[in-house]
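If you count the sequence shown from 1, position 131 lands on 143 in the numbering used here, and the numbers rise without skipping.
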Amino acid sequence: MDPSADCDIVYYSTKSVYSETKGQAPEGIPFLSDFSSISDSATACSLEYLNEGGANLVFRITPAGAKSLPEALSGRVLRLAKHSREEAAILDHDDQELGAHNPLSEEAQYRYWVKVLGDEAVLNHNVVRLSGSMKDLINSLLACADRSEHRRAHAWVGGRTGFLVEDMTPQEGETLHEFKPKWLDQSPSAPRGATRCRTCALRAMRSVAGQSTATDLQGFCPLYLFTPRAKEALSKVFHDQAIMDHITTELMPMLSTLRDYQRRHDEVGIVHVQRHAHKQNEDELIKLGQAMTARDCTIYCLRRRDGSVKARIGDLDLKSCTQDKVEKWLLLEQKLINGGWYEGEDEVCLLSNG
Ligand SMILES: [Zn+2]
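Spelled out as structure tokens, the structure:
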């Protein structure tokens with residue numbers, strides 16, 4: 013089969029959702045299906061495998077024939093979550109899907125972050141409903157896609173929703189750069205007089221253990237973002253003047269908001285939260301999860317051919333505060349404190365060089 017083969021789908025308007033599924037789908041949600049139940053209101057388009065990670069599959073959407081894409085699909089890619097078989101079995105029942113496994117909550121999260129960070133700042137994504145027949149269609153597409161060796165054996169187990177995500181794929185002459193701003197302020201649990209911020213302390217610990225991540229290797233201290241030396245520090249991450257200019261001008265209000273948000277949602281630190289666990293309420297844990305989410309987001313910067321930059325913030329899936337997760341955060345913080353990683357001279361950190 014042709015490895016670049018694509019396949020046809022149909023885009024429906026909201027009305028068709030009610031006739032096609034038994035769930036109580038809210039108004040305005042688009043619907044994708046194969047051709048088995050074509051209607052006059054549908055628009056034909058094609059899907060093409062683009063890429064995938066451990067958690068999601070991503071497909072390009074192109075118009076079929078001479079028609080252009082409906083507005084809701086234009087400039088979007090289709091993102092499908094790789095559910096486990098257990099999750100997929102639950103998701104096959106529409107009524108339950110809209111209950112405990114509510115995919116709409118992800119869209120609600122998107123709206124939440126738009127409120128916090130601004131309309132233009134957040135990577136746009138909207139939920140799309142899928143017909144049951146999409147599972148076969150997606151798998152036939154995967155069967156002839158150029159997937160990496162270790163993923164080839166894994167079919168898509170299905171699901172009744174996907175996401176239409178703003179397409180940041182670079183076109184010819186464009187480049188996409190990713191940047192994780194991490195902890196924009198010191199950890200409230202850090203010892204007094206620390207000479208490393210939370211991001212630099214973790215980087216130092218991982219470096220000695222031989223566990224450096226790609227972000228660690230950039231050697232960037234996020235505290236510099238709010239100083240006159242921001243560009244100098246950013247030059248370790250980017251080699252493009254236009255992107256550095258964009259971050260230090262256009263993105264500064266959003267980065268300040270992100271820093272304030274991180275502060276307001278974790279004022280006392282994980283060590284304090286855990287020490288007073290008997291008094292902690294659910295709201296406090298939710299706030300901590302929100303702070304940790306804001307510390308792990310990604311900024312995508314698309315450098316266009318004309319030199320302009322489009323930046324969006326993503327990876328904002330709210331971290332749920334299960335006991336396991338809180339313990340994991342606490343253990344890491346204690347390792348940083350007890351191992352002395354907040355102390356010692358550091359070439360990179362503002363706290364050592366300010
Ligand atoms: Zn630092």
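Even glycine gets a Cβ: it sits at the ideal position worked out from N, Cα and C. All of these numbers come straight from a predicted model, not from anything done at the bench.
When the Cα atoms are used, what is the spatial distance from residue i to residue j?
{"i": "L328", "j": "G351", "result": "30 Å"}
{"i": "L129", "j": "P234", "result": "18 Å"}
{"i": "E190", "j": "R163", "result": "24 Å"}
{"i": "S28", "j": "F43", "result": "Per-residue confidence for S28 stands at a pLDDT of 40, beneath the threshold of 50, marking its modelled position as unreliable; the derived number appears in the next sentence. The alpha-carbon atoms of S28 and F43 are separated by roughly 8 Å."}
{"i": "G77", "j": "T55", "result": "10 Å"}
{"i": "G66", "j": "C309", "result": "17 Å"}
{"i": "G356", "j": "R208", "result": "7 Å"}
{"i": "K79", "j": "R315", "result": "29 Å"}
{"i": "D336", "j": "V285", "result": "14 Å"}
{"i": "L237", "j": "T260", "result": "8 Å"}
{"i": "K9", "j": "V169", "result": "No answer is possible for residue 9: it lies beyond the span of the chain, which begins at 13 and ends at 366."}
{"i": "H258", "j": "T239", "result": "15 Å"}
{"i": "G366", "j": "R241", "result": "10 Å"}
{"i": "E98", "j": "S86", "result": "33 Å"}
{"i": "S199", "j": "I150", "result": "44 Å"}
{"i": "N63", "j": "E244", "result": "34 Å"}
{"i": "A157", "j": "A323", "result": "29 Å"}
{"i": "P75", "j": "A155", "result": "22 Å"}
{"i": "A226", "j": "T305", "result": "19 Å"}
{"i": "G231", "j": "L142", "result": "43 Å"}
{"i": "T334", "j": "W341", "result": "11 Å"}
{"i": "G319", "j": "Y61", "result": "29 Å"}
{"i": "A133", "j": "R215", "result": "27 Å"}
{"i": "E359", "j": "D228", "result": "13 Å"}
{"i": "S332", "j": "I325", "result": "20 Å"}
{"i": "P82", "j": "M264", "result": "34 Å"}
{"i": "E160", "j": "L188", "result": "The sequence given here has Ser at residue 160, not Glu. One C-alpha to the other measures close to 21 Å."}
{"i": "A165", "j": "N68", "result": "15 Å"}
{"i": "D131", "j": "C57", "result": "28 Å"}
{"i": "M266", "j": "R218", "result": "29 Å"}
Pick out whichever of the options has its Cα sitting closest to the Cα of residue i.
{"i": "S45", "options": "Y124, A67, D158, G144", "result": "G144"}
{"i": "A220", "options": "W353, E262, R241", "result": "The identity of residue 220 in the sequence shown is Val, whereas the question assumes Ala. When only C-alpha atoms are compared, the closest one is W353."}
{"i": "R287", "options": "R204, E339, S160", "result": "E339"}
{"i": "Y312", "options": "L135, T225, Y61, D336", "result": "L135"}
{"i": "Q302", "options": "A216, L330, A226, L363", "result": "L330"}
{"i": "G185", "options": "R271, A206, R317", "result": "R317"}
{"i": "K299", "options": "A323, Q274, K322", "result": "Q274"}
{"i": "A167", "options": "E262, H95, C361", "result": "H95"}
{"i": "E119", "options": "E161, V177, R159", "result": "V177"}
{"i": "K192", "options": "R159, R307, V321", "result": "R307"}
{"i": "E262", "options": "T187, A165, N68, V321", "result": "V321"}
{"i": "C361", "options": "A213, G222, A165, L267", "result": "A213"}
List the whole-angstrom C-beta distance separating residue i from residue j, where the pair is believed to meet the contact cut-off of C-beta under 8 Å.
{"i": "L137", "j": "Y122", "result": "For the record, residue 137 in the displayed sequence is His; it is not Leu. So it is a contact: roughly 6 Å between Cβ atoms."}
{"i": "V139", "j": "F175", "result": "6 Å"}
{"i": "A93", "j": "G171", "result": "6 Å"}
{"i": "R88", "j": "V70", "result": "Incorrect: roughly 11 Å between the Cβ atoms, too far for contact."}
{"i": "T211", "j": "K194", "result": "4 Å"}
{"i": "I349", "j": "P203", "result": "6 Å"}
{"i": "V283", "j": "S201", "result": "4 Å"}
{"i": "L59", "j": "A206", "result": "Contact flag wrong, Cβ pair sits at about 50 Å."}
{"i": "L270", "j": "L196", "result": "6 Å"}
Between which two residues does the beta strand (DSSP E) carrying residue i extend?
{"i": "N68", "result": "68-75"}
{"i": "T225", "result": "Unbroken run through T225: none, as it is neither H nor E."}
{"i": "G174", "result": "173-178"}
{"i": "A323", "result": "321-326"}
{"i": "E64", "result": "55-64"}
{"i": "N138", "result": "137-142"}
{"i": "S45", "result": "43-45"}
{"i": "L188", "result": "187-191"}
{"i": "L153", "result": "Where L153 is concerned, there is no enclosing beta strand (DSSP E), although the alpha helix (DSSP H) it sits in stretches over 146-155."}
{"i": "C313", "result": "310-315"}
Hey, would you say the C-beta of residue i is under 7 Å away from at least one heavy atom of ligand 3?
{"i": "L237", "result": "As far as ligands go, the structure on display features ligand 1 and does not contain ligand 3."}
In the DSSP assignment, the alpha helix (DSSP H) including residue i goes from what residue to what residue?
{"i": "T211", "result": "210-220"}
{"i": "A242", "result": "242-246"}
{"i": "S364", "result": "362-365"}
{"i": "A93", "result": "Looking at the DSSP string, A93 is not in any alpha helix (DSSP H); the run it does join, the beta strand (DSSP E), is 88-93."}
{"i": "H258", "result": "253-260"}
{"i": "H284", "result": "282-287"}
{"i": "T269", "result": "264-277"}
{"i": "N350", "result": "335-350"}
{"i": "T305", "result": "294-306"}
Taking 8 Å as the threshold, find out whether the region 294-304 comes into contact with the region 343-353 through three or more Cβ pairs.
no
Tell me whether the region 242-258 and the region 173-185 touch, counting them as touching only if at least three CB pairs, one residue from each stretch, are closer than 8 Å. Verdict: no, contact absent.
Between the region 277-286 and the region 240-251, are three or more C-beta pairs nearer than 8 Å? no
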